[in-house]
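These notes are about the structure you will find just below.
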């Protein structure tokens, strides 16, 4: 019995030491610095892009961007498998499937991304068809995306587009559009008081929010529930979009803050996309009107110059 008891003590002692080692390993793991996520460039092509072009892009990427992981996929299903990876650029044949299915899949992937808009370079044979379909499905992301007609472009032109997608402003989280939308909001965990505010710019990822009458000074990590009236922009089941947000940046005045949207359901993503599409339409219309006004003024100035009498010397 004594021997049995001793064995039991030894066993429990070993077990205790084992647990201690395991617990320490867990602590060490949790305290260790997080490994940086791999960044991927994904080339998704079908038969419409010739293999020589695929090989040339592959050589360019591996010689110029050694620190990026470069993969080639041959179907939309294979592309979707990389949806959880950190894709810094997707190079996509717009005829990988039907053009609609290809662009709609890209839309869904972009909507899932919380860390950026997944810049996309489309390889196309018909730019006008691509543009027409893109305007229906992906207009919200137009500043993060680009295209090139592969049948007409020299290799160096394709490489230049890839380089621009990786090195330039395509890496921004998302274009913010200047707006002036009056809203109501309340601070979570701070009672039921409702504040009046204004959204001053808006994107799929966040907004710039101001509070009226200096009624509140924002603090970093404030959690906010925004009640955004959307009936003038979007027709749907509700007139008010309820969005949870967190304060990420406070302007020096204290009454304005950069916020990011949180806990976004698929239905809310759809509503926000429709809302942003409406805002983009207005923005592009204003931009076009401004351009037309400048052209008209320039033509009027030119006509005035031509019609002015010459003064003899």
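Numbering (our numbering), first residue to last: 38 to 350.
Backbone N, C-alpha and C define an ideal beta-carbon position, used for all residues, glycine too.
This one's a predicted model, so the numbers in the text were calculated from it and none came from an experiment.
Check your understanding: When DSSP labels each residue in this structure, what does residue 333 get in the three-state scheme?
Key -> Here residue 333 corresponds to residue number 296 of the chain shown, with the count starting at 1. Of the three classes helix, strand and coil, the one that applies to residue 333 here is helix, per DSSP.
Review point. Which of the three DSSP states, helix, strand or coil, is assigned to residue 261?
Key: For this step, residue 261 is matched to residue 224 along the chain shown. If DSSP states are grouped into helix, strand and coil, residue 261 belongs with the strands.
Exercise for review: Mark residue 225 as exposed unless 16 or more other C-beta atoms lie within 10 angstroms of its C-beta, in which case mark it buried.
Suggested key: Position 188 of the chain shown, counting from 1, holds the residue named residue 225. Exposed.
Practice item. Use the C-beta contact count for residue 240: other C-beta atoms within 10 angstroms, 16 or more gives buried, fewer gives exposed. Key: By 1-based counting over the chain shown, the position of residue 240 is 203. By the neighbour-count rule (16 or more Cβ atoms within 10 Å), residue 240 is buried.
Check your understanding: So what does DSSP say about residue 201, is it helix, strand or coil?
Key -> As a first step, residue 201 is located in the chain shown; it is residue number 164 there, counting from the start. Note: residue 201 maps to helix in three-state DSSP.
Exercise for review: Can you have a look at residue 206 and say buried or exposed, based on whether 16 or more other CB atoms are within 10 angstroms of its CB?
Suggested key: Here the question's residue 206 lines up with position 169 in the chain shown. No answer about residue 206 holds up, because its pLDDT of 46 lies below 50 and its placement is not dependable.
Exercise for review: Could you check the C-alpha separation between residue 78 and residue 121 for me, to the nearest Å?
Suggested key: Along the chain shown, one-based indexing puts residue 78 at 41. Along the chain shown, one-based indexing puts residue 121 at 84. Straight-line Cα distance between these residues: approximately 13 Å.
Exercise for review: With a floor of 3 residues, list each beta strand (DSSP E) that falls wholly inside the stretch 81–163, ordered by position along the chain.
Suggested key: 106–110, 123–130 and 157–161
Check your understanding: Which first and last residues belong to the beta strand (DSSP E) in which residue 295 is found?
Key -> Counted from its first residue, the chain shown places residue 295 at position 258. That run of the beta strand (DSSP E) goes 293–299.
Practice item. Using beta-carbon positions only, say whether residue 81 and residue 109 come within less than 9 Å of one another. Key: In the chain shown, counting from the first residue as 1, residue 81 sits at position 44. In the chain shown, counting from the first residue as 1, residue 109 sits at position 72. Yes, these two residues count as a Cβ contact at 9 Å.
**Study point:** Exposure label - residue 253; buried when at least 16 CB within 10 Å
**Key:** Counting from one through the chain shown, the residue named residue 253 turns up at place 216. With 16 or more other Cβ atoms within 10 Å, it is buried.
Check your understanding: Distance, Cα to Cα, residue 333 vs residue 137?
Key -> Here residue 333 corresponds to residue number 296 of the chain shown, with the count starting at 1. Here residue 137 corresponds to residue number 100 of the chain shown, with the count starting at 1. Whole-angstrom Cα-Cα distance: 38 Å.
Check your understanding: Can we say the stretch 172–188 touches the stretch 300–317, given the rule of at least three CB pairs closer than 8 Å?
Key -> yes
Review point. In the DSSP assignment, what are the bridge partners of residue 286?
Key: As a first step, residue 286 must be located in the chain shown, where it is residue number 249. According to DSSP, which records beta bridges pairwise, residue 286 is partnered with 295.
Practice item. Let me know the secondary structure DSSP gives residue 174 once reduced to three states. Key: Along the chain shown, read from residue 1 onward, the residue named residue 174 stands at position 137. Looking at residue 174 - three-state DSSP - the assignment turns out to be helix.
Review point. In three-state DSSP terms, what is residue 181?
Key: Numbered from its first residue, the chain shown carries residue 181 at position 144. The answer is coil: DSSP assigns residue 181 none of H, G, I, E or B.
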